[in-house]
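Notes follow once the structure below has been shown.
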Amino acid sequence: MPSCGGCRSTGRCSVLPELPSAGLRFLAARRGALARLAGWSALEAAHTFALGYALAHALDGGFLAGRTGTGLGWLAAAALAVLAGAYGTGRTYPALAAVVEPLRDALVRRVVARALADGDGAAVSRLTHQVEIARDAFAGLLMVTRSFVFTAAGALTGLFLLAPELLPVVAGPLVLGLALFVATLRVLARRQEAFLVADEEIARALGEVCQGLRDVAAGGAGSRVRSEVGALVDTQRAVAGSLARWSVARIAALTVAGRLPVVLLLVSAPWLLGRGVTPGALVGALAYLTQSLLPALQDLVHGVGTSGARLAVVLRRLTLPAPALPEVGAPPPEEVKGRAGGRHPQGSAPALSFHRLTFAYGPHAAPVVHELTLTVPPGGHLAVVGPSGVGKSTLAGLAAGLLAPGAGSVSLGGAPAHSEAARALRLLIPQEAYVFSGTLAENLAYLRHVPPGEDELADAARAVGMERIVGRLGGFAAPVAPAELSAGERQQIALARAYLSPAPIALLDEATCHLDPAAEARAEHALARRPAVAGDGRGTLVVIAHRAASALRADRILVMDGPHTVCGEHTELLRVSPLYRDLVGGDTGPSDPARDARDPYRVDAVARPRLAGDRGHVVAHGSVREVQAAGDLADGGALGRE
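Numbering (our numbering), first residue to last: 460 to 1101.
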């Protein structure tokens, strides 16, 4: 059976034993909600106590004594207790939600944080399926547990008040059966998890086989595949048999705790009647057992045995550390020389370093990045430019540790990019900005362990130019509805969040594509000059450029052009890179309009060739015939000699 990443060395799960202590801490932090739940549960259990107690007195003091009115009065009291219990049941659900929903919120935050930090490919399944399983299982477990506790308390109290002699007959088998159930609970949980894992392995294997049936047949691998899949089926059958055998122990516990007391009560009835127990008390005891204790016990056994196992399994999977990416190489211990930075002595690690980095999307695909060696010093500002599809976002994923290199290595601050130490040093802002429902302050402080103050929030908003958004929403305490924000507003919120982040290395993957050039320049200027977390200097900024103007603001520029990838300063690249000259607008002299390769109005800028007939037109994206009508151009004319 496959094990989690933290269990490979010992074969035992190092996460599961921590769940009980973590659960106790979670519940201790919600003592108020648990107290309200207990209070309404006590009211709900009132009808349990009234059922047997009122029935016994209705018989002994009413119907058996010839006083019908007294008997009916006791039954009416029992009916009123049922109504009170129903009201208590209705009030338990809000109190239950106050305990359960924080667990769901905490799991969602953990899944989202893991997805943002590690590129967790299973994040969607965890959010939409496993988190809901955990919430439902936790709610069910809490409901059946508190129901049994208060039902048992009401029934045992009623038995003691009716006749103390009844209590040993019922309580003895009840305690014995519960002890048997608790003793088998851990084993049942392990068998349940083993069954789920075996089932997942079969589904995975069959999915692979069904997709490759033609290859299996062509390669003559039928017997091997049949053997491997058959072994998985045999494993699942063995685990299912073990689970079924241990389930018998659960049934035995239910029999001892819930049904044996009924038999003992009937067998000992003559002895009890001889010791002064009234017939009404015996009937009340039977009512407690059959109508209250036995149903609550069945719910507890099945609920804890099923929901408890599911909750333990799902929580373990949701709280596992992210699997580490394989380390394909390490930078040499001596100094690393990069084409984007200078030379860094061994004791002074660069902020970001690629060493002979190669990456391809498949073993037979052409490399997107090939033998790239590059360093960015602390406080450096690197812009990455190139045509669409050349691998700029791939490079950002490699720098963030979201992709594993095929060869070479990536390090941040001297640590491998996929390591926990490197993840603490960087933040990645993608093109689609993440904004969640909550206050504006909560969105901006999402990456901070200690919430920033009002002045710090205002400084961040001013730095990236989002004062208008703050004013429109009504301040930092105002709620944010992500669907009501434009794409540019969401990006500005994400940029302000990055400005407040303690991570010293910021990776912007076209994170300003929905902003106008002035807003983009202001945000990049702010992020390039934000102070470093420790020591003097400033943070490091790597920009996957959306506009060529971003390159002009950087210290160094990486021009991705397949085998012709080069890195250098602006003037140097204009001399050695034809692609860079084309990206920034052709010649090196002044041009009008501006040299953005593609501006927000979907118009290509064309440098004035200073030829006869040139009137400084721009060329719109689209076929020529779409702009041949008079009035299509800025001066009202049509295309002619231009």
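For every residue, glycine included, the Cβ atom is placed at its ideal position computed from N, Cα and C.
From a predicted model like this one, the values you see are computed outputs, not experimental measurements.
Starting from residue i, trace the beta strand (DSSP E) in both directions and tell me its first and last residue.
i	result
V1035	Not the beta strand (DSSP E): V1035 falls in the alpha helix (DSSP H), residues H1029 to V1035.
R495	Unbroken run through R495 is the alpha helix (DSSP H), R490 to E503; no beta strand (DSSP E).
Bridge partners for residue i per DSSP, in chain order?
i	result
S870	S812 and P875
V828	F818
G1044	Note: G1044 sits in no beta bridge, so no partner.
T551	The partner list for T551 (beta bridge, DSSP) is empty, contrary to what the question assumes.
G897	V939
C1026	L1017
T529	None, per the DSSP bridge assignment.
T999	I964
V843	I1003 and L1017
V835	L811
L745	None; L745 has no bridge partner.
A885	Residue identity check: residue 885 is Arg in the sequence provided, not Ala. The partner list for R885 (beta bridge, DSSP) reads I964.
P990	R997
If I follow the unbroken alpha helix (DSSP H) through residue i, where does it start and stop?
i	result
L672	L672 to G678
L1114	It is not possible to answer for residue 1114, since the shown part of the chain is limited to 460 through 1101.
T853	K851 to A858
V692	G681 to L713
R981	P976 to A987
D733	It is Gly, not Asp, that sits at residue 733 in the sequence shown. That run of the alpha helix (DSSP H) goes A728 to G733.
R907	No alpha helix (DSSP H) holds R907; DSSP gives it neither H nor E.
L916	E913 to V923
E1107	There is simply no residue 1107 to check, as the chain begins at 460 and stops at 1101 in what is shown.
A953	A946 to L959
E926	E926 to L932
H761	L753 to G762
Output yes or no for whether 8 Å exceeds the beta carbon distance between residue i and residue j.
i	j	result
L770	L811	no
L886	L966	yes
V629	A744	yes
L534	P738	no
L752	A545	no
G613	F522	no
R650	W705	yes
V603	V763	yes
R1015	G839	yes
R489	P561	yes
V835	G850	no
L691	A642	no
Nearest-angstrom Cα distance between residue i and residue j?
i	j	result
G947	S847	21 Å
R949	L906	16 Å
T898	A982	22 Å
C1026	A962	25 Å
A728	G717	18 Å
Q670	G678	14 Å
A920	T694	58 Å
D1091	L974	Residue confidence is low: D1091 scores 44 on pLDDT, short of 50, so the model does not pin down where it sits. Its coordinate-derived value is still stated next. So the alpha carbons of these two residues sit roughly 26 Å apart.
G867	A497	59 Å
R882	G860	8 Å
C972	H761	54 Å
L635	V773	30 Å
Y747	G733	21 Å
G930	A937	10 Å
R568	I592	16 Å
S701	L724	35 Å
A904	E915	10 Å
A538	I928	59 Å
G873	L816	15 Å
P822	G689	30 Å
I1003	R563	35 Å
R683	D674	13 Å
A855	P941	25 Å
Leaving out five residues on either side along the sequence, give the residues of the same chain with a beta carbon under 7 Å from the beta carbon of residue i.
i	result
R1054	Confidence in R1054 is poor, its pLDDT being 41 and thus under 50, which makes the residue's placement unreliable; the coordinate value appears in the next sentence. For R1054, where only same-chain residues beyond five positions count, the Cβ hits under 7 Å are A1007, V1043, G1044 and A1064.
V742	L514, A515 and L518
S878	none
D719	The residue asked about is misnamed: residue 719 is Leu in this sequence, not Asp. If we look at L719 and ignore the five residues flanking it on each side, its Cβ neighbours are P632.
V923	Q951, L954, A955, Y958, R981, A982 and A985
S852	D968 and I1003
A900	L916, F935 and A936
Closer than 7 Å: is that where the CB of residue i sits relative to any heavy atom of the ligand PLP?
i	result
R1012	As presented, the structure is devoid of all ligands, the ligand PLP included, so that no description of it is given.
Which same chain residues, not among the five before or five after residue i, have their C-beta less than 6 Å away from its C-beta?
i	result
G953	This sequence places Ala at residue 953; Gly is not what is there. So the list reads I888 and A892, once near-sequence residues are dropped.
R605	S500
L831	F813 and L816
Keeping to the same chain, check which residues put their C-beta closer than 8 Å to that of residue i; ignore five residues upstream and five downstream.
i	result
L600	G762, V763, S766, G767 and L770
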